[in-house]
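Going by numbering that gives the first Met the number 0, the first residue of the sequence shown is number 0, and it counts up by one from there.
Written below as structure tokens is the structure these notes are about.
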Amino acid sequence: MVAWRHAAVVLGLVAGLGVPTPAAAADGSDTNRWRAHLGTDLGSWVRSVPWPHRIGGPSGSRDYLGVVGVKRLRLGGGLGHGFRDRFVVGMRLDYEISRGVQRSLVPNAEARAVTMTAMPYFTVMADPHHIVRPYLSLRAGLGGGLVTVRDASPLDRPERSSSLIYPLLGLDLGAHAFVSPDVSLDGSVSLDHRWETMRDTTPAPVVPGGADLQDDAGHQAFGRRYNASIVLAVSRWF
Numbered sequence: 000m001v002a003w004r005h006a007a008v009v010l011g012l013v014a015g016l017g018v019p020t021p022a023a024a025a026d027g028s029d030t031n032r033w034r035a036h037l038g039t040d041l042g043s044w045v046r047s048v049p050w051p052h053r054i055g056g057p058s059g060s061r062d063y064l065g066v067v068g069v070k071r072l073r074l075g076g077g078l079g080h081g082f083r084d085r086f087v088v089g090m091r092l093d094y095e096i097s098r099g100v101q102r103s104l105v106p107n108a109e110a111r112a113v114t115m116t117a118m119p120y121f122t123v124m125a126d127p128h129h130i131v132r133p134y135l136s137l138r139a140g141l142g143g144g145l146v147t148v149r150d151a152s153p154l155d156r157p158e159r160s161s162s163l164i165y166p167l168l169g170l171d172l173g174a175h176a177f178v179s180p181d182v183s184l185d186g187s188v189s190l191d192h193r194w195e196t197m198r199d200t201t202p203a204p205v206v207p208g209g210a211d212l213q214d215d216a217g218h219q220a221f222g223r224r225y226n227a228s229i230v231l232a233v234s235r236w237f
């Protein structure tokens, strides 16, 4: 009888070990996993101003208000890891193309720009046991790109081109809405601030009235840019 009891206990333990553990709770509360996401700006407001203000320096501010794909398109993606059900730490990459949004060395020109930005981010989520989880995300990084004037594409040979480098600070306030244990739709309001430096990379003479940032002078302070966007993203938790 004792032997049968011991055999039953062993079989029970084996059966218990054989039961698979679910990857996530049904409400998506288990976010101690990897998060991969991809998103875009549905609508945005961009304001670019000269910086620093000085006599003979770049002049003229520029404002843009539009929706996705109209003169501006930004795609962002990243990979992070969650821990303690409330925090996510990761890296985000943004790719942006625009026409008539970015300020250039030629005043009032409809410049085209292609930029890439890399930003480590840190996210704090509010409710660890709800399908909808509000969050606050902070990020800081470095970006760069090419700005061109009077050309069909930023990749062609333009009449005037410039190299753009900038540090960036950003903040996102939004929510993860879990449509399944492993997938969430993420809506947020995004605020960015970047400090732009620019270097003229065209050997042609400087356009009269333009900012004289010569190639051999290196990147010089050119402008500050403020961006507010409504963002929609999809996240996969695994």
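By construction, the Cβ of each residue, glycine as well, lies at the ideal position given by its N, Cα and C atoms.
- Secondary structure of Asn226 (DSSP, three-state): strand.
- DSSP places Glu109 outside both helix and strand once states are collapsed to three, so it counts as coil.
- Excluding sequence positions up to five before and after Val146, its CB lies within less than 6 Å of the CB of Gln101, Ser103, Ala110, Ala112, Ser161, Leu163, all in the same chain and listed in chain order.
- Contact check for Met115 against Gly142 passes: the beta carbons are separated by less than 8 Å.
- Leu64 is the residue among His175, Ala35, Leu64, Arg91 whose C-alpha sits nearest the C-alpha of Ala227.
- For the options Thr30, His36, His128, Ser60, the alpha carbon positioned closest to that of Ala108 is the one of Ser60.
- The DSSP-derived three-state label of Trp194 is strand.
- The straight-line gap separating the alpha-carbon atoms of Gln219 and Trp194 is approximately 11 Å.
- Sixteen is the threshold: since fewer than 16 other Cβ atoms of the shown chains lie within 10 Å of the Cβ of Gly68, the residue is exposed.
- Here Pro49 is buried, its C-beta having at least 16 other C-beta atoms within 10 Å.
- Burial is judged here by how many other beta carbons sit within 10 angstroms of a residue's own beta carbon; Trp236 has at least 16 and is buried.
- Contact between Arg46 and Val105 does not hold, since their C-beta atoms are separated by about 19 Å, which reaches or exceeds 8 Å.
- Residue nearest to Phe82 within the set Phe121, Arg91, Leu74, Ser97 is Phe121 (criterion: CA-CA distance).
- When DSSP reads this structure, Asp185 sits in a beta bridge with His175, Ala232.
- In the same chain as Ala174, and ignoring 5 residues on each side of it, the C-beta atoms closer than 8 Å to its own belong to Val131, Arg132, Pro133, Tyr134, Asp185, Gly186, Ser187, in chain order.
- Straight-line measurement puts the Cα of Arg198 at about 42 Å from the Cα of Arg32.
- Leu37 is positioned such that its CB atom lies closer than 8 Å to that of Val233.
- Between the alpha carbons of Asp191 and Leu172 lies a distance of about 12 Å.
- For Gln219, the beta-bridge partners assigned by DSSP are Met197.
- Counting every other CB atom within 10 Å of its CB across the protein chains shown gives Leu78 a total below 16, marking it as exposed.
- Thr196 and Leu41 have their C-alpha atoms some 27 Å from each other.
- Excluding sequence positions up to five before and after Thr39, its CB lies within less than 8 Å of the CB of Val67, Leu72, Arg73, Leu74, Gly75, Val230, Leu231, Ala232, all in the same chain and listed in chain order.
- Taken in chain order, the complete beta strand (DSSP E) segments of 3 residues or longer contained in the segment 36-83 are 61-66, 71-82.
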